[in-house]
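Take 15 as the starting number for the sequence shown in the numbering used here and just add one per residue.
Report on the structure given below.
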Amino acid sequence: MTRITRRRLGLGLATVAALAATPLSGMAQSDRSKVALPTISRRKVGKVEITALSDGFVDIPIGVFTGAPTPEIEKAFARHFARRPDGTYRLGFTQWLVDDGDRLVLIDSGYAGATKTTGHLADVLTVLGVEAKDIDAVLITHMHDDHTSGLVTPEGTHAFPNADVFIHRDDVAYFTDETRAAAAPDILKRSFAVGKQVAALPRLQRYDGERSLTAAISAVDLRGHTPGHMGYRISDGGESLMIVGDALFHPAIHPGRTDIGIAFEPDPAAAAAMRRKLFPRAAEEQALLAATHMPFPGFGRIVREKDGLLWAPADWELSG
Ligand SMILES: [Zn+2]
Numbered sequence: 015m016t017r018i019t020r021r022r023l024g025l026g027l028a029t030v031a032a033l034a035a036t037p038l039s040g041m042a043q044s045d046r047s048k049v050a051l052p053t054i055s056r057r058k059v060g061k062v063e064i065t066a067l068s069d070g071f072v073d074i075p076i077g078v079f080t081g082a083p084t085p086e087i088e089k090a091f092a093r094h095f096a097r098r099p100d101g102t103y104r105l106g107f108t109q110w111l112v113d114d115g116d117r118l119v120l121i122d123s124g125y126a127g128a129t130k131t132t133g134h135l136a137d138v139l140t141v142l143g144v145e146a147k148d149i150d151a152v153l154i155t156h157m158h159d160d161h162t163s164g165l166v167t168p169e170g171t172h173a174f175p176n177a178d179v180f181i182h183r184d185d186v187a188y189f190t191d192e193t194r195a196a197a198a199p200d201i202l203k204r205s206f207a208v209g210k211q212v213a214a215l216p217r218l219q220r221y222d223g224e225r226s227l228t229a230a231i232s233a234v235d236l237r238g239h240t241p242g243h244m245g246y247r248i249s250d251g252g253e254s255l256m257i258v259g260d261a262l263f264h265p266a267i268h269p270g271r272t273d274i275g276i277a278f279e280p281d282p283a284a285a286a287a288m289r290r291k292l293f294p295r296a297a298e299e300q301a302l303l304a305a306t307h308m309p310f311p312g313f314g315r316i317v318r319e320k321d322g323l324l325w326a327p328a329d330w331e332l333s334g
């Protein structure tokens with residue numbers, strides 16, 4: 015264990031103890047259910063520690079998915095007991111903290127305070143004893159605002175002042191294009207607005223193609239969901255985990271249906287091509303994946319069964 019890890023662990027336990035001792039104990043029973051519990055799951059890849067952190071959720075209409083008639087997609091969600099009575103489903107937002115013993119890397123930054131039910135990332139980091147200034151790098155899978163909003167403080171400054179921010183060059187170019195911003199549909203307007211703020215941050219590193227970003231993390235080409243959508247492969251000691259961002263949304267549709275995408279995708283054909291390439295390859299490699307919006311913590315594998323490709327959630331990694 016590194017010095018940094020021990021320090022964080024100590025602070026984390028103290029914070030949890032403080033949370034347990036003060037606010038909850040004074041609460042009426044009815045208030046307890048309103049406390050947003052820290053949502054955390056940790057696993058190891060070799061010696062690298064990966065902690066999945068939830069920023070919260072939004073209930074979104076199933077009609078936001080494209081490529082098949084909405085009633086057909088609603089039926090698929092209902093079969094998974096994931097369709098809510100009002101035709102929505104609960105979309106979660108996961109980020110990952112990667113500690114390789116040397117550097118502390120955050121992958122994606124969440125939706126922040128864009129809705130009432132998101133913006134928990136900062137509190138979850140606090141529970142772990144991690145302060146914003148401790149983060150050495152932030153890797154962004156793509157520039158939709160549910161992945162970038164946490165990078166910018168309400169004052170417009172860098173939320174992680176000591177972190178280099180890595181984003182594929184094509185996403186930075188796309189989401190700072192004034193002509194595209196002006197023509198963007200309403201659901202994408204905020205991504206362009208946040209994108210402009212992100213592009214102005216100090217320490218932004220635009221990168222090209224597949225490359226190594228830290229000793230344990232390399233960028234993987236998953237372009238298609240957006241022009242610069244990238245995955246991040248974490249490897250150590252012969253093990254690996256691939257963060258695949260928005261390649262998969264929910265087991266009701268992915269990996270089974272590569273033709274189903276989401277309205278946020280500027281080029282649906284490119285998004286479908288990315289899924290057609292990634293899903294069978296991941297099944298063949300039995301690759302451990304992590305996806306932003308798959309049910310928390312979103313670790314799992316794509317497996318081939320006689321009916322096609324299915325999602326097999328990874329066992330929760332218990333440790334003592
Ligand atoms: Zn997303």
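Glycine included, each C-beta is placed from N, C-alpha and C at the ideal position.
Note that the coordinates shown come from a computational prediction; the quantities given were computed from them, not determined experimentally.
Residues of its chain near residue i, where Cβ-Cβ distance is below 6 Å and the 5 sequence neighbours each way are ignored
i	result
P37	For P37, the predicted model reports a pLDDT of 46, less than 50, meaning its position is unreliable; a value from the coordinates is still stated below. Closer than 6 Å at Cβ, skipping near neighbours: no residue.
P311	S55 and A66
P327	G314
G127	G133
Cutoff 7 Å; reference residue i; Cβ partners in own chain excluding five residues on either side
i	result
V72	L105, T129, T131 and T132
F205	Just to set this straight, residue 205 is Ser in the shown sequence, not Phe. Excluding sequence neighbours, S205 sits near M157, H158, D159 and F189.
V119	V112, D150, A151, L153, T228 and I231
A277	V78, T80 and I201
Q109	L67, D69, L120, I121, D122, S123, G124 and L135
Under the three-state DSSP convention, the category residue i falls into
i	result
T155	coil
Q109	strand
S163	helix
Y188	helix
I87	helix
D69	strand
G275	strand
Nonlocal neighbours in the same chain, by C-beta distance under 8 Å from residue i, ignoring five residues either side
i	result
K210	F189, T190 and A195
G259	D122, T155, H156, H161, L236, H239, H243, M244, G245, A305 and T306
Residue i, enclosing beta strand (DSSP E) - first and last residue
i	result
Y246	M244 to D250
A304	L303 to A305
W325	G322 to P327
R56	I54 to V59
Residue interval of the alpha helix (DSSP H) (run including residue i)
i	result
R97	No alpha helix (DSSP H) holds R97; DSSP gives it neither H nor E.
Q211	D200 to A213
L292	P282 to E299
T140	L135 to V141
Pairwise C-alpha distance: residue j and residue i
i	j	result
P265	L202	24 Å
D69	G252	30 Å
D159	E86	28 Å
R225	G275	27 Å
A35	T167	Confidence is the limiting factor: at A35 the pLDDT is only 39, short of 50, which leaves the residue's position unreliable and the question unanswerable from this model.
N176	P99	45 Å
S249	G223	18 Å
V317	R247	19 Å
V212	P75	28 Å
T102	L142	32 Å
S163	T84	29 Å
L165	R117	18 Å
D178	V186	15 Å
R220	H172	16 Å
A90	I267	7 Å
K320	G270	12 Å
G322	A285	19 Å
Q300	R290	16 Å
A82	E88	10 Å
L303	G124	19 Å
W325	F263	11 Å
Any non-hydrogen atom of ligand 3 closer than 8 Å to residue i Cβ
i	result
T306	Looking for ligand 3 in the displayed structure turns up nothing; the ligands present are ligand 1.
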